[in-house]
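Structure, as structure tokens:
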Ligand code: G4P
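In the working numbering, the protein residues as written are 182 to 470.
What follows is the structure in structure tokens.
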């Protein structure tokens, strides 16, 4: 998806964000990377490992209310095998957030022991929250922070000071100092981000995007697809994504004057329903076995 490149990431902003994160690494004990549980690959920053230079880290799989819970569990064990602790959370309801502090404590247990042996019993633990836009960083901070609200601000180039939030006694978090970028030069990543709505639809051909989504759904979640749109497997087994879009538009009676099917309207509805998990709880990226 070429369009994604033109959104908001420019080499200058990327360098600036990288520099700001690296400057702030000195101020924190760990990094918490928020990702979208529906796209655990595409919602990650490709350079984060290099940027955080071995700082202890956890992964927060957010939006797990909309993801396929079996696959979320598989990702959690995948990350564990890589030596990275991860937790599944849902910032809409707050589910899973109780695990945040204990997981950070366990990741830092050696460090904490060291501090305690040096007499620093109640040293404040500081964690930097990072993540690409739209994964739910502000929602996460707003849910767990006890003081002021996180500013919902995604524009690169907007300068702002470091924002610290108190989470509990002896525990503070720092909002991402900059805007992290996804792997936008990869078309497949761009498409996944667009499916989930992380990329604004105004710059995307929604009918083409929806046709691609329908192909993905037929392949991976055929039962949910046929149930939601009252389709049969036979009807859709051998047709293009665009023909599935036409069929759904027809079944839903979305006609324009002249009798043509309003595929634009149908595509917006299907994308909205997918993004709201109305078709079902789904994950777009699986752990490779
Ligand atoms: P960001 O700071 O990383 O850019 O993300 P932000 O918190 O702004 O969240 C992006 C969108 O994702 C918001 O929806 C937010 O409500 C939604 N969201 C965040 N966490 C969760 C979650 O765990 N589950 C679900 N279902 N949604 C989540 P929006 O449509 O942009 O705004 P609004 O609906 O809140 O008005």
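Here a beta-carbon is modelled for each residue, glycine too, at the ideal position from N, C-alpha and C.
This structure is a prediction, so every number in the text was calculated from the model and none was measured.
Residue environment: residue 436 is assigned as exposed (fewer than 16 neighbouring CB atoms within 10 Å of its CB, all protein chains considered). For residue 277, the three-state secondary structure derived from DSSP is coil.
Apart from the 5 residues on each side of it in sequence, residue 460 sits with its Cβ closer than 6 angstroms to the Cβ of 405, 409, 454 in its chain, given in chain order. Residue burial is scored here from C-beta neighbours: residue 317 has at least 16 other C-beta atoms within 10 angstroms and is therefore classed as buried.
The ligand G4P has no heavy atom closer than 7 angstroms to the beta-carbon of residue 308. Around the C-beta of residue 301, fewer than 16 other C-beta atoms lie within 10 Å, and the residue is accordingly described as exposed. Comparing C-alpha distances from residue 458 to each of 403, 393, 377, 291 shows the shortest one belongs to 377.
If you check the C-beta of residue 314 against the ligand G4P, you find a heavy atom less than 7 angstroms away. Taken through DSSP and simplified to helix, strand or coil, residue 355 comes out as strand.
When DSSP reads this structure, residue 307 sits in a beta bridge with 353. In the structure shown, residue 208 adopts coil according to DSSP, grouped into three states.
With fewer than 16 other beta carbons inside 10 angstroms of its own, residue 369 counts as exposed. Note on the segment 408-468: whole alpha helix (DSSP H) runs with a minimum of 4 residues are 414-417, 422-432, 444-456, in chain order.
Taking residue 278 as the centre and dropping the five residues before and after it, the same chain places the C-beta of 270, 324, 325 closer than 7 angstroms to its C-beta, in chain order. Counting along the chain, residue 243 sits inside the beta strand (DSSP E) bounded by residues 238-243. Note: residue 347 is bridge-paired with 353 in the DSSP secondary-structure output.
Between the ligand G4P and the CB of residue 453, the shortest heavy atom gap is not smaller than 7 angstroms. Distances taken from the Cβ of residue 317 to the heavy atoms of the ligand G4P include one shorter than 7 angstroms. A straight line joining the alpha-carbon of residue 440 with that of residue 420 spans about 22 angstroms. For residue 291, the three-state secondary structure derived from DSSP is helix. In this structure, residue 209 and residue 238 do not form a Cβ contact; the two beta carbons are roughly 11 angstroms apart against a cut-off of 8 angstroms. If you draw a straight line from the Cα of residue 413 to the Cα of residue 407, it is about 6 angstroms long.
The Cβ atoms of residue 360 and residue 198 lie closer than 8 angstroms to each other. C-alpha of residue 415 to C-alpha of residue 286: approximately 53 angstroms in a straight line.
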